[in-house]
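Participant:
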Amino acid sequence: MNKTALITGITGQDGSYLSEFLLDKGYEVYGLIRRSSSPNLSRIAHISDRVKLLSGDLTDQTSLDGALRMAEPDEIYNLAAQSFVATSWNQPTLTADINGVGFVRLLEAVRHSGREIRVYQASSSEMFGMVEESPQNEDTKFHPRSPYACAKAFSHHTAVNYRESYNMFVCSGILFNHESPRRGLEFVTRKITDGVARIYHQRASKLMLGNLEVKRDWGYAGDYVRAMWLMLQQDKPEDFVIATGENHTVKEFAKLAFEQVGLDWKKYVAVDPQFFRPAEVTQLCGDASKAKRVLGWKPEVGFQQLVTMMVEADMERVARQIHHSSP
Ligand code: NAP
Ligand code: F7E
Numbered sequence: 003m004n005k006t007a008l009i010t011g012i013t014g015q016d017g018s019y020l021s022e023f024l025l026d027k028g029y030e031v032y033g034l035i036r037r038s039s040s041p042n043l044s045r046i047a048h049i050s051d052r053v054k055l056l057s058g059d060l061t062d063q064t065s066l067d068g069a070l071r072m073a074e075p076d077e078i079y080n081l082a083a084q085s086f087v088a089t090s091w092n093q094p095t096l097t098a099d100i101n102g103v104g105f106v107r108l109l110e111a112v113r114h115s116g117r118e119i120r121v122y123q124a125s126s127s128e129m130f131g132m133v134e135e136s137p138q139n140e141d142t143k144f145h146p147r148s149p150y151a152c153a154k155a156f157s158h159h160t161a162v163n164y165r166e167s168y169n170m171f172v173c174s175g176i177l178f179n180h181e182s183p184r185r186g187l188e189f190v191t192r193k194i195t196d197g198v199a200r201i202y203h204q205r206a207s208k209l210m211l212g213n214l215e216v217k218r219d220w221g222y223a224g225d226y227v228r229a230m231w232l233m234l235q236q237d238k239p240e241d242f243v244i245a246t247g248e249n250h251t252v253k254e255f256a257k258l259a260f261e262q263v264g265l266d267w268k269k270y271v272a273v274d275p276q277f278f279r280p281a282e283v284t285q286l287c288g289d290a291s292k293a294k295r296v297l298g299w300k301p302e303v304g305f306q307q308l309v310t311m312m313v314e315a316d317m318e319r320v321a322r323q324i325h326h327s328s329p
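Just so we're aligned, residue 3 is where the sequence shown starts under this note's numbering, counting upward by one.
#1: Using CA coordinates, which residue listed in Q204, E30, S21 is at the minimum distance from R45?
#2: What residue range does the beta strand (DSSP E) around L55 cover?
#3: Given a threshold of 16 other Cβ atoms within 10 Å of its Cβ, counted over all protein chains shown, does K208 qualify as buried or as exposed?
#4: Anyone know if the C-beta pair for A151 and H180 falls short of 8 Å?
#5: Can you tell me where the alpha helix (DSSP H) holding A153 begins and where it ends?
#6: Which of helix, strand or coil does DSSP assign to S90?
#7: Cutting at 8 Å between CB atoms, please list the residues of its own chain near V106, excluding the five before and the five after it.
#8: Between the Cα of V53 and the Cα atoms of R113, P41, V31, which residue gives the shortest distance?
#9: Nearest to A281 by CA position, among G131, K217, R37, is which residue?
#10: Quick one, which of S50, P149, R113 has its alpha-carbon nearest T89's?
#11: Assign I324 to one of three DSSP states: helix, strand, or coil.
#12: Just curious, the alpha helix (DSSP H) that R200 is in, first and last residue?
#13: What residue range is occupied by the uninterrupted alpha helix (DSSP H) comprising A111?
#14: Please confirm whether any heavy atom of the ligand F7E lies closer than 7 Å to the CB of R218.
#15: Go ahead and pull the three-state DSSP assignment for V273.
#16: So what's V121 in DSSP terms, helix, strand or just coil?
#17: Return yes when at least one heavy atom of the ligand FAD lies under 7 Å from the C-beta of V162, else no.
#18: DSSP on K217, reduced to helix/strand/coil?
#19: Could you compute how far the alpha carbon of Y202 sits from the alpha carbon of R218?
#20: Quick check: what's the CA-CA separation for R117 versus E110?
#21: What do you get for L297, buried or exposed, if any count of 16 or more other CB atoms within 10 angstroms of its CB means buried?
#22: Let me know if D274 comes out buried or exposed under the rule of 16 or more other beta-carbons within 10 Å of its beta-carbon.
#23: Where does L209 fall in DSSP's three states?
#24: According to DSSP, which residues form a beta bridge with V252?
#25: Could you spell out the range, first to last residue, of the beta strand (DSSP E) harbouring Y29?
#26: Please report the Cβ distance between A206 and G197, rounded to the nearest whole angstrom; I am assuming they are in contact, meaning their Cβ atoms lie under 8 Å.
#27: Would the beta-carbon of N179 be found less than 7 Å away from any heavy atom of the ligand F7E?
#28: Looking at P137 and G364, is the spacing between their C-beta atoms short of 8 Å?
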């Protein structure tokens with residue numbers, strides 16, 4: 003019989019790729035969406051007739067209990083979050099409520115449902131923060147550097163605690179940065195590729211960025227959702243680092259992205275201190291050898307290919323917008 007999955011955060015970058023992946027595997031897919039004054043379904047518009055949407059919010063226990071009753075899922079993927087690190091300093095309690103306590107609410111809903119449900123939690127490489135060793139693996143100590151990372155560390159430990167307290171099947175994927183043409187526009191990769199396209203098409207003249215020297219291990223979101231699913235298909239619940247094992251500076255990303263359209267990044271990129279963070283995570287690089295060994299997972303899309311894919315998508319999108327707005 004086909005399995006049923008419930009995805010929180012289905013309208014986000016990862017939620018949209020995971021929905022496609024699970025539909026292809028024959029799953030019945032439910033998604034939790036929060037109420038908004040206007041629809042926010044653009045990332046899943048192309049599969050809207052194949053997913054079932056339920057109204058709910060990670061800050062509201064009643065709606066989570068109700069969603070579980072409606073969907074009766076075999077698997078839950080908890081992707082919902084206030085996911086922008088910079089915002090977490092301005093909205094620390096909201097971030098803690100959604101990313102931290104929200105996960106406890108979800109696990110309590112699972113526990114009280116009386117059903118055998120496997121749960122995936124979206125943990126983050128941000129938990130490593132001021133890194134104690136490099137590359138980082140499942141045993142590397144956490145040193146969170148933002149309210150976002152503190153909340154994710156709380157939910158990560160909560161996953162372990164529910165495993166140990168109640169013998170529940172809960173896995174955390176410690177995912178390093180993963181990007182795509184569906185990445186939110188405020189994240190640095192997408193901000194750059196959108197900026198490249200707008201500058202190329204003369205819709206902007208400058209791209210203002212923050213710290214250009216920080217390093218991230220950037221992978222492709224489509225590869226990373228496969229790892230989420232693999233974790234829930236194992237005999238026992240465990241945590242896994244998912245990463246490419248390569249890192250690059252923001253400057254390198256920008257240079258490559260501008261080169262893609264024949265422009266010199268130095269002429270267009272300027273540094274604006276407003277994009278610096280109160281505490282920075284200067285470098286991250288993941289060691290995904292456990293995922294390779296146990297799950298048979300490895301990334302398919304490399305750094306250069308990722309940059310090309312994102313620049314091409316934004317170039318097409320901006321060209322389309324210009325075409326539609328011309329008289
Ligand atoms: P994203 O694009 O920002 O999507 C976040 C999703 O969470 C959206 O669907 C959003 O709904 C939903 N959401 C926010 N607050 C909610 C609430 N109170 N109740 C219910 N839903 C809520 O994030 P993403 O990049 O797909 O990331 C998915 C998950 O992985 C997040 O938990 C993120 O923290 C984590 N993560 C991401 C990365 C990465 O590099 N992408 C790396 C490690 C971990 P709206 O559409 O209504 O805003
Ligand atoms: O920043 C620097 C910035 O916002 C990357 C989330 O998905 O991945 C993401 O978090 C780096 C930071 O992502 C700008 O200071 C420079 O060092 O793209 P970002 P993030 O903070 O790494 C982790 C794994 C998650 O879990 C999160 O949910 O780039 N940077 N200049 C800039 N960043 C932004 N946003 N904008 C700039 O202008």
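Even for Gly, the Cβ is constructed at its ideal location relative to N, Cα and C.
Facilitator: Short version:
#1: S21
#2: 53-57
#3: exposed
#4: no
#5: 149-168
#6: helix
#7: S157, T160
#8: V31
#9: G131
#10: P149
#11: helix
#12: 190-202
#13: 104-115
#14: yes
#15: strand
#16: strand
#17: This structure does not include the ligand FAD; its bound ligands are the ligand NAP and the ligand F7E.
#18: strand
#19: 26 Å
#20: 12 Å
#21: buried
#22: exposed
#23: strand
#24: According to DSSP, V252 bridges with nothing at all.
#25: Note, Y29: premise wrong, no beta strand (DSSP E); not H, not E.
#26: 6 Å
#27: yes
#28: There is simply no residue 364 to check, as the chain begins at 3 and stops at 329 in what is shown.
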